[in-house]
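For the record, in the sequence shown the residue sitting at position 367 is 367 according to UniProt numbering, with numbers rising by one throughout. Even for Gly, the Cβ is constructed at its ideal location relative to N, Cα and C. These figures come from a predicted structure and were not determined experimentally. These notes concern the structure reproduced below.
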Amino acid sequence: MATFARPENALKRAEELINVGQNQEALETLHSLLTSRRYRAWTRTHEKIMFKYVELCVDMRRGRHAKDGLIQYRGICQQVNITSLEEVIKHFMQLSTEKAENARNQAEALEEALDVDDLEADKRPEDLMLSYVTGEKGKERSDRELVTPWFKFLWETYRTVLDILRNNSRLEALYAMTAHRAFQFCKQYKRTTEFRRLCEMIRNHLANLNKYRDQRDRPDLSAPESLQLYVDTRFEQLKVATELELWQEAFRSIEDIFGLMCMVKKTPKPSLMVVYYSKLSEIFLRSSSHLNHAYAWLKLFSLQKSFNKNLSQKDLQLIASSVVLAALSVPPYDCLYGASHLELENEKERSFRVANLIAFDVESKLENREVLSRSSLFSELVAKGVMNCVTQEVKDLYHILEHEFLPLDLALKVQPLLTKISKLGGKLASASSVPEVQLSQYVPSLEKLAALRVLQRVSQVYQTMNIDSLSKIIPFFDFPTVEKISVDAVKSNFLAMKVDYRKGAIFFGNKSLDSEGLRNHLSAFAESLSKSRVMIHPPVKRISKLGETVPDLVELVEKEHKRLLARKSIIEKRKEEQERQLLEKEKEEEAKRLKQQKLTEDAEQKRLANEFELMKIKRRRDEIEARELAEAQALLKETEIFTKKKGKRPILVGENLTKQALLDLAVTEKLREKQEMEKKLQKLAKNMDYLERAKREDSAPLIEAAFQRRLVEEAALHELEQQREIDVSRQRHSGDLEEKRRLSRMSENRVIFQERVLIRRRAEFDRTKAERELMISNVLLTRKEKREAQRKMIYFLKTEEERQKRLHEEEEARKLEEMARRKKEEAERKAKLDEIAEKQRQRERELEEKEKQRRDELLGRSSASAVAPPSDPAAAAVTQHPVEASTAPAASTGKYVPRFKRGGAAESSGTQAPPPENDRWRNDRRTAPVAGGGPRPTWSSSKERERGPR
């Protein structure tokens with residue numbers, strides 16, 4: 001990857017790549033710039049680069065690249081300009097949202113375009129075949145191809161932004177805004193799975209915030225602004241969960257709000273608490289937890305009555321009626337009757353936890369826990385004056401079901417009241433936060449309660465009743481439903497009854513030996529006999545007779561009483577011992593169960609970790625396969641395999657094809673096409689051969705006849721043309737003879753004119769030659785003077801530079817010596833510097849020796865060329881100017897010498913000849929100085945030099 005001196009260059013290069021359509025290279029260029037440690041100081045250019053980077057990531061749907069870039073940019077501008085990061089993230093989310101909306105609108109437009117009357121006219125064969133193979137409708141397929149990828153990218157965008165902004169005090173507002181937008185996304189498109197993951201992600205962020213308290217930019221939850229943002233986010237999560245009907249997730253959101261408030265030891269505003277209790281009551285109603293639902297409605301009633309100043313009397317009456325009806329809907333018996341000790345403990349712990357959620361006591365202790373029950377609920381209703389605010393129908397229903405004893409008429413009196421109550425309800429105008437109140441939702445529970453009260457009252461009055469009679473006094477349900485209700489009541493020890501279908505009767509009261517009625521039947525019978533005996537015989541006579549008959553009766557009774565008490569205490573002790581043993585056994589079993597559960601949880605965690613690693617590996621493998629599939633599909637498009645051909649099965653994009661398989665398929669397809677084309681050409685050539693042979697067989701006699709006619713015509717034409725040519729040649733010859741006789745008279749004058757012209761041209765040539773030689777000699781002298789001046793200047797500059805360099809080296813040496821004196825502890829470094837200096841001096845000596853040898857060789861060559869006698873005017877010019885001869889050896893040898901070799905002698909003598917101005921290398925190769933001045937002649941070889949100038 002290329003490196004850039006400035007970020008602006010990288011941005012410019014990326015824009016150029018985008019303009020030519022190379023988005024991948026542009027993305028890699030910007031990513032390398034963001035990850036480089038060279039540009040860590042924030043500038044405005046970084047912001048422009050980041051805007052362009054996120055646009056490329058959105059266009060190419062590269063979520064991972066976007067996340068890496070945003071993390072790097074957060075590190076760059078975290079302490080400098082955090083607002084820039086906020087703007088970039090907002091732009092990123094806006095682009096992702098726009099792309100998703102555009103894809104959705106495009107899919108809707110496509111669906112509308114397909115909605116036509118004549119399906120056979122607009123449906124293509126390949127569309128019909130694809131719909132039959134895949135089993136999808138047009139809208140589903142268009143959504144999967146157009147909308148789903150962009151929605152996945154938008155969801156990944158929300159996750160990326162939340163992960164980047166988590167636990168950052170400077171970006172709390174943006175974090176809350178992103179969470180709200182993610183909630184609205186899940187709500188708008190009914191994304192329940194993504195909503196659960198989003199809630200879990202936000203829950204983990206808060207847990208990590210509470211776990212790692214030593215972070216630098218950790219938000220302070222004790223600050224009112226931060227706490228309000230976190231609370232608003234959780235309440236928005238609660239609202240969306242209830243609208244999506246994810247009741248389990250809604251209850252967890254309630255626990256999140258309570259846990260957050262317990263963390264900061266504060267209670268939210270009443271307006272938020274109204275939303276809290278309204279959603280909590282809705283959750284409990286969906287879970288059929290009528291007791292908790294009634295308590296939540298009671299809290300909601302108290303909040304509205306205390307803080308809502310605009311609450312109308314009608315709305316207050318409706319809320320109070322809903323509270324009372326919710327309380328009446330609670331079953332009048334304990335559903336956990338006969339449960340095990342462990343189940344009771346778990347239910348008790350769960351009840352305490354729910355009680356804390358309802359009471360919203362952020363500083364609750366174990367000893368202050370309140371046990372919720374139906375009786376305590378009605379006590380609070382009376383104490384808080386709820387019964388004074390309800391409608392008359394609800395009040396009458398309460399008195400009938402809870403206080404009046406009407407065994408046979410209870411259900412008949414309740415039925416018209418329930419009919420009136422079911423018509424009450426509606427939206428509260430003065431309490432917008434409270435959900436719509438519909439009293440009809442409590443009618444089934446109230447009918448069940450009325451049936452239970454009828455059975456309870458009847459069981460206290462009757463021992464036996466006909467099934468038909470019981471069905472008449474309970475008009476709400478048929479007898480099977482009544483039997484089901486009674487079974488639950490009997491199981492919870494609320495009723496004691498039996499049904500005998502053979503006799504068609506119901507028996508109230510339990511006749512087993514364990515029942516209270518049969519357990520004390522002997523004592524009851526003894527009491528009845530005692531009363532009868534008292535009535536028959538007066539007490540005085542009985543006492544005197546007993547005293548006379550049984551004198552030691554009192555002592556016997558005392559002894560028997562003591563014996564029975566002792567036996568009772570022994571039995572109680574045995575029961576206690578048995579219970580203690582059972583408790584110990586249950587504790588041991590519980591400890592074993594907890595240990596086994598812990599082992600199971602550890603194994604489950606290991607299994608989940610292994611599955612997570614396997615999923616990660618699988619995801620990477622899928623990404624690689626998807627990338628290979630994309631490349632293979634691009635290859636298919638290039639080779640035009642997707643084009644439909646007659647008699648060929650179309651290749652579907654959704655098939656699981658690898659890159660190698662598609663390559664093999666492409667090669668096979670091309671080979672098959674080539675073979676088909678060769679077969680077609682062979683067949684065509686064969687047909688053309690047959691046709692051509694038939695044509696030639698038919699045309700052969702016609703061609704022969706035409707050829708014979710043409711021979712006769714051409715023979716006649718040849719004779720005519722030959723005779724015409726002979727006549728023309730005779731005429732031309734006679735004319736030429738006449739012209740020759742006419743021009744023979746001027747032959748002597750031509751010879752005289754020719755000699756005159758040659759003499760004049762020879763004289764002009766000699767004069768021009770002398771002028772040119774003079775000009776060449778003058779130019780050579782001028783150039784020689786310039787070269788001498790330049791050489792002297794270069795020598796002076798070089799000498800001055802060497803002097804300055806020597807002075808600088810002496811100054812550096814002095815500084816080094818002074819530093820060596822001050823820093824004696826750096827002996828090892830000094831030794832290394834001395835060794836380096838020694839090597840440098842050795843190289844300089846070697847260079848000087850080589851330079852000296854080269855200078856001697858050049859001086860010897862120059863002197864040899866100066867002693868040699870000149871053989872032509874050019875050599876004479878060289879003899880007159882030895883310095884020029886040393887710089888231009890090409891003139892003496894007739895061969896080309898490069899410029900760097902021509903200047904060797906001048907460099908060795910301390911001077912350097914400057915290159916001639918506006919002079920090309922061919923002039924140096926073909927020109928030589930002339931003694932008399934003027935331009936130098938050009939010679940291409942030694943033979944031309946010997947002949948001289950032309």
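Fill in: Classification of Gln237 by the beta-carbon crowding that lies within 10 angstroms, buried from 16 upward
buried
Discussion item. Could you check whether the region 447-461 touches the region 406-421, counting it as contact only if at least three pairs of C-beta atoms, one from each stretch, sit closer than 8 Å?
Written reply: yes
Discussion item. Just verifying my parser: in three-state terms, what is the DSSP assignment at Gln79?
Written reply: coil
Item to complete: Just mark Tyr212 as buried or exposed, buried being the case when its beta carbon has 16 or more other beta carbons within 10 Å.
Response: exposed
Worksheet item: Taking the alpha-carbon positions, what's the Gly425 to Trp247 distance?
Response: 24 Å
Worksheet item: How long is the line joining the alpha carbons of Lys413 and Arg181, rounded to whole angstroms?
Response: 53 Å
Discussion item. So, for Ser430: in the same chain, excluding its five sequence neighbours on each side, which residues have a beta-carbon less than 6 Å away from its beta-carbon?
Written reply: Asn310, Leu311, Ser312 and Asp315
Worksheet entry | For Lys503, three-class secondary structure by DSSP | coil
Worksheet item: Curious, which full-length alpha helix (DSSP H) runs of at least 4 residues does the region 290-356 contain?
Response: 290-307 and 313-328
Worksheet item: Do Ala107 and Val147 have their C-beta atoms closer together than 9 Å?
Response: yes
Fill in: Where Thr549 falls, given that 16 or more other Cβ within 10 Å makes a residue buried
Only weak support is given to the placement of Thr549: the predicted model assigns it a pLDDT of 47, under 50, and the value that follows is read from those uncertain coordinates. Counting Cβ neighbours within 10 Å, Thr549 comes out exposed, since fewer than 16 surround it.
Worksheet entry | Inter-residue spacing [alpha-carbon to alpha-carbon] between Ser96 and Phe51 | 13 Å
Discussion item. According to DSSP, simplified to helix, strand and coil, what is Asn466?
Written reply: strand
Item to complete: For Glu367, count neighbouring C-beta atoms within 10 Å of its own C-beta (all shown protein chains included) and say buried if the count is 16 or more, exposed if not.
Response: Because the pLDDT at Glu367 is just 43, under 50, the model does not fix this residue reliably, and the point stays unresolved.
Item to complete: Work out the CA separation of Arg843 and Asp856 for me, nearest whole Å.
Response: 20 Å
Worksheet item: Just to confirm, are Val499 and Glu483 a CB contact at a threshold of 9 Å?
Response: yes
Worksheet item: In terms of residues, what are the limits of the alpha helix (DSSP H) holding Thr157?
Response: Thr148 to Leu165
Worksheet entry | Reduced DSSP secondary structure (H/G/I, E/B, other) of Lys769 | helix
Discussion item. Per the DSSP calculation, Phe508 is bridged to which residue(s)?
Written reply: Met497
Worksheet entry | Of the residues Lys427, Ala411, Gln392 and Leu428, the one placed nearest Lys420, counting alpha carbons only | Gln392
Fill in: Simplified DSSP state of Gln682, which is helix, strand or coil
helix
Item to complete: Could you check if Lys99 is buried or exposed, using at least 16 other CB atoms within 10 Å of its CB as the buried criterion?
Response: buried
Discussion item. I'd like to check one pair, Ile257 with Val231: are the Cβ atoms closer than 9 Å?
Written reply: yes
Fill in: Val434, DSSP secondary structure in three states
coil
Worksheet item: Can you give the Cα-Cα distance for Ala566 and Lys573, rounded to whole angstroms?
Response: 10 Å
Discussion item. Rounded to the nearest angstrom, what separates Val323 and Val386 at their Cα positions?
Written reply: 8 Å
Fill in: Residues that Pro425 bridges to, as DSSP identifies them
Reading off the sequence, residue 425 comes out as Gly, not Pro. Gln438, per the DSSP bridge assignment.
Worksheet item: What are the boundary residues of the alpha helix (DSSP H) that includes Val390?
Response: From DSSP, Val390 is part of no alpha helix (DSSP H); its letter is neither H nor E.
Practice prompt. Rank Ala103, Phe151, Ile89 and Cys186 by C-alpha distance to the C-alpha of Ala173 and give the top, closest one.
Written response: Ile89
Worksheet entry | Thr45 to Phe301 span [Cα, whole Å] | 58 Å
Discussion item. Tell me the rounded alpha-carbon separation between Val330 and Glu586.
Written reply: 32 Å
Practice prompt. Count the CB pairs spanning the region 372-384 and the region 292-299 that are closer than 8 Å, and state whether there are at least three.
Written response: yes
Practice prompt. Could you have a look at Ala705 and say whether DSSP puts it in helix, strand or coil?
Written response: helix
Item to complete: Tell whether a beta-carbon distance below 9 Å holds between Leu833 and Leu816.
Response: yes
Item to complete: State buried or exposed for Thr242, treating a residue as buried only when at least 16 other CB atoms are found within 10 Å of its CB.
Response: buried
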